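Trainee:
Numbering (the numbering used here), first residue to last: 734 to 1033.
#1: Need the endpoints of the alpha helix (DSSP H) that residue 829 sits in, please.
#2: Under 6 Å Cβ to Cβ from residue 1014, same chain only, skipping five residues before and after it: list those, please.
#3: Please classify residue 816: does DSSP put it in a helix, a strand, or coil?
#4: For the region 983 to 994 and the region 1002 to 1013, state whether three or more C-beta atom pairs, one from each stretch, are separated by less than 8 Å.
#5: Starting from the C-beta of residue 963, find all residues in its chain whose C-beta is less than 8 Å away, skip the five residues before and the five after it, and write them out in chain order.
#6: My assumption, with CB atoms under 8 Å, is that residue 872 sits in contact with residue 905. Please give the rounded CB distance.
#7: Can you have a look at residue 984 and say buried or exposed, based on whether 16 or more other CB atoms are within 10 angstroms of its CB?
#8: Less than 8 Å between the CB atoms is what I'm expecting for residue 1020 and residue 765, so what's the real figure, rounded?
#9: Can you tell me which of the three DSSP states residue 888 falls into?
#10: Measure the alpha-carbon distance for residue 874 versus residue 884 and round it to whole angstroms.
#11: In angstroms with no decimal places, state the Cα-to-Cα distance between residue 863 and residue 933.
#12: Could you tell me the distance, in whole angstroms, from the CA atom of residue 806 to the CA atom of residue 965?
#13: So, under 8 Å CB-CB, residue 838 and residue 900 are touching, yes? Tell me the CB distance rounded to an integer number of Å.
#14: How about residue 851 and residue 915: are their beta carbons less than 8 Å apart?
#15: Please classify residue 936 as buried or exposed, where buried requires at least 16 other C-beta atoms within 10 Å of its C-beta.
#16: Kindly indicate which three-state DSSP category residue 862 falls into: helix, strand or coil?
#17: Could you tell me the distance, in whole angstroms, from the CA atom of residue 940 to the CA atom of residue 794?
#18: Please list, in chain order, all residues of the same chain as residue 953 whose beta carbon is under 6 Å from its beta carbon, the five residues on each side excluded.
#19: One question on the structure: do residue 999 and residue 812 come within less than 8 Å of each other, judged by their Cβ atoms?
#20: CB-CB under 8 Å to residue 791, same chain, minus the five flanking residues each way: which ones, in chain order?
#21: DSSP state of residue 796, grouped into three classes?
#22: What is the C-beta distance between residue 1017 and residue 778, in whole angstroms, given that I count them as a contact (C-beta under 8 Å)?
#23: From the DSSP output, in three-state form, read off residue 1019 for me.
#24: Alpha helix (DSSP H) containing residue 957: first to last residue?
#25: Please classify residue 802: does DSSP put it in a helix, a strand, or coil?
#26: How close, in whole Å, do the beta carbons of residue 911 and residue 854 come, if the pair is a contact with beta carbons under 8 Å?
#27: Measure the C-alpha to C-alpha separation of residue 969 and residue 815 and round it to an integer number of angstroms.
#28: Can you tell me which of the three DSSP states residue 976 falls into?
#29: Of the choices 772, 1023, 787 and 833, whose alpha-carbon is the least far from that of residue 892?
Shown next as structure tokens:
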């Protein structure tokens, strides 16, 4: 009896074994050229970011007082900055931090959007009005106004707090999409059967509704990685980003932009890595979207 009831509470999509569905998806992704190119580039950048500092003959805080703003050479592969620090080591550490910020911010953003949208769409009524009012408020308020108010309080709190702040600026549009899908999914037979069985609302949302919009959430999380990196770079340029002694590609670009014409190596190496990283993530995101969207016509 329990086995038959459990079958009633599963999604129609679950008729195909989950492992088989995901294995076929992986095969399709591996056969997509731009996904493979993006993955190879991302893995190469990750390896460079974590192995590069180990290969550098200079330490993160070490200064060469005889080589201020010197061009690339055998001693300093990416040259040095205005304080004599090795730009190769700084750029690799900045690449590390930018990757971590992008991944963590994308994860937090997707989790917030999924929970807010799913609970609003499932319960509707007062909960929906309250959550959507907060969502609309965040959409309407200028991001820089929020940052101007909160940043003086949070600037010395570390990069993880900055990641949470980024997530709070990015979740709203996805939450609205999740809400719309939840309103549709909650009327499916397997959700109605779960309610009839007395399954808790939270369990229905987490076990039956959110897994059936995993395609949207995976694609959204992937694209949010590049969005978070770009947003962090923009905020760093205006002085709202990661503060010393931490460095990111964004903070290095912000510092190098002031001397890009006279000392281009302080700007172009970190800028080039940022462009390559964002393009690679977008290649993977586009490939995921096409593979998970049955109506896509652009699979290559």
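Even for Gly, the Cβ is constructed at its ideal location relative to N, Cα and C.
Note that the structure is a prediction, hence the values are computed from the model and not measured.
Mentor: Taking the structure as given:
#1: Stepping through the chain shown from its first residue, residue 829 is reached at position 96. That run of the alpha helix (DSSP H) goes 820 to 856.
#2: The count along the chain shown starts at 1 and reaches residue 1014 at position 281. Taken in chain order, the residues that qualify are 958 and 959.
#3: Within the chain shown, numbered from 1, the residue matching residue 816 stands at position 83. Here residue 816 sits in coil by DSSP.
#4: yes
#5: Here residue 963 refers to the residue found at position 230 of the chain shown. Only 1011 meet the Cβ criterion.
#6: The residue given as residue 872 occupies position 139 in the chain shown. The residue given as residue 905 occupies position 172 in the chain shown. Contact flag correct, Cβ pair sits at about 5 Å.
#7: Locating residue 984 in the chain shown gives position 251, counting from the first residue. Buried is the call here.
#8: For the purposes of this step, residue 1020 is taken as the residue at position 287 of the chain shown. For the purposes of this step, residue 765 is taken as the residue at position 32 of the chain shown. That belief holds up - the Cβ atoms of residue 1020 and residue 765 are roughly 5 Å apart, short of 8 Å.
#9: Locating residue 888 in the chain shown gives position 155, where the first residue counts as 1. Residue state, collapsed to three classes: coil.
#10: Here residue 874 refers to the residue found at position 141 of the chain shown. Here residue 884 refers to the residue found at position 151 of the chain shown. Near 15 Å, if we compare the C-alpha coordinates of residue 884 and residue 874.
#11: Indexing the chain shown from 1 puts residue 863 at position 130. Indexing the chain shown from 1 puts residue 933 at position 200. Residue 863 and residue 933: Cα-Cα distance of roughly 21 Å.
#12: Taking the chain shown and counting its residues from 1, the one referred to as residue 806 is at position 73. Taking the chain shown and counting its residues from 1, the one referred to as residue 965 is at position 232. Each residue's Cα considered, the two are about 30 Å apart.
#13: Working through the chain shown from its first residue, we reach residue 838 at position 105. Working through the chain shown from its first residue, we reach residue 900 at position 167. Indeed, because the Cβ distance is near 5 Å, the residues count as touching under 8 Å.
#14: Position 118 of the chain shown, counted from the start, is the residue given in the question as residue 851. Position 182 of the chain shown, counted from the start, is the residue given in the question as residue 915. Contact flag set, yes.
#15: Within the chain shown, numbered from 1, the residue matching residue 936 stands at position 203. Classification of residue 936: exposed, given that the 10 Å Cβ count is below 16.
#16: In the chain shown, counting from the first residue as 1, residue 862 sits at position 129. In the structure shown, residue 862 sits in a helix (DSSP, three-state: H, G or I).
#17: Walking along the chain shown from the start, residue 940 turns up at place 207. Walking along the chain shown from the start, residue 794 turns up at place 61. So the alpha carbons of these two residues sit roughly 48 Å apart.
#18: For the purposes of this step, residue 953 is taken as residue 220 along the chain shown, with counting starting at 1. Cβ within range, chain order: 843 and 907.
#19: As a working mapping, residue 999 is identified with position 266 in the chain shown. As a working mapping, residue 812 is identified with position 79 in the chain shown. Result yes, Cβ atoms of residue 999 and residue 812 sit closer than 8 Å.
#20: One-based indexing of the chain shown puts residue 791 at position 58. The residues are 797, 809, 818, 819, 821 and 822.
#21: On the chain shown, residue 796 is found 63 positions in, with the first residue counted as 1. Strand at residue 796.
#22: In the chain shown, the residue the question calls residue 1017 occupies position 284. In the chain shown, the residue the question calls residue 778 occupies position 45. In fact, because the Cβ distance is near 12 Å, the residues do not count as touching under 8 Å.
#23: Along the chain shown, read from residue 1 onward, the residue named residue 1019 stands at position 286. Residue 1019 falls in the helix class under three-state DSSP.
#24: On the chain shown, position 224 is the one that residue 957 refers to. Residue 957 -> alpha helix (DSSP H) spans 947 to 970.
#25: Working through the chain shown from its first residue, we reach residue 802 at position 69. Looking at residue 802 - three-state DSSP - the assignment turns out to be coil, as it is neither helix nor strand.
#26: Start at 1 with the first residue of the chain shown, and residue 911 comes out as number 178. Start at 1 with the first residue of the chain shown, and residue 854 comes out as number 121. Correct: roughly 7 Å between the Cβ atoms.
#27: Against the chain shown, residue 969 aligns to sequence position 236. Against the chain shown, residue 815 aligns to sequence position 82. Rounded to the nearest angstrom, the two C-alpha atoms are 18 Å apart.
#28: Residue numbering aside, residue 976 sits at position 243 when the chain shown is read from its first letter. Looking at residue 976 - three-state DSSP - the assignment turns out to be coil, as it is neither helix nor strand.
#29: As a position in the chain shown, residue 892 is number 159, starting the count at 1. Residue 833 is the option with its Cα nearest to residue 892.
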